[in-house]
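> Provided herewith is a single structure, encoded as structure tokens, for subsequent inquiry.
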Amino acid sequence: MAVSPIIGSSAISGPTGKYMEAAGIEVSALGVAKMYADVCSNMIIDTKDRMLTKKIESLNINVHDTKIKMTTKQSEDALAASIIKQFYH
């Protein structure tokens, strides 16, 4: 299970995008999926990246999109509930 640290072409926080770029990895949810394809079978991406779903699924990763940016306790709870509902029901 992975939650993308990228929305669009930007890291949610921190230097993740810069590190990915320096390593020659596409800064996107798809780039994250390609990095983890050998060890990850489920991935949460942001609704803004929904158009990448088919490409990520082609890597044999199950994808669910939801709002992943957590700015309040309510948004934290919503993301946790979404993960449990989609992948651990």
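The numbers in our numbering rise by one with no breaks, and the one at position 87 of the sequence shown is 87.
The beta-carbon is built from N, C-alpha and C at its ideal position, and this holds for glycine as well.
Because the structure is a prediction, the values reported are computed rather than measured.
Should residue 97 be labelled buried (16 or more other beta-carbon atoms within 10 Å of its own) or exposed?
No answer is possible for residue 97: the residues shown for the chain start at 1 and end at 89.
> Hey, could you find the ends of the alpha helix (DSSP H) residue 53 is sitting in?
Residues 53-57.
> Identify whether residue 71 lies in helix, strand or coil by the three-state DSSP scheme.
If DSSP states are grouped into helix, strand and coil, residue 71 belongs with coil.
> Tell me the DSSP secondary structure of residue 49 in three-state form.
Helix.
> Helix, strand or coil for residue 82 per DSSP?
In the structure shown, residue 82 sits in a helix (DSSP, three-state: H, G or I).
> Across which residues does DSSP place residue 11 in a beta bridge pair?
Paired residues: 6.
> Can you tell me where the beta strand (DSSP E) holding residue 27 begins and where it ends?
No beta strand (DSSP E) contains residue 27, which DSSP labels as neither H nor E.
> Return helix, strand or coil for residue 20, following the three-state DSSP convention.
Here residue 20 sits in helix by DSSP.
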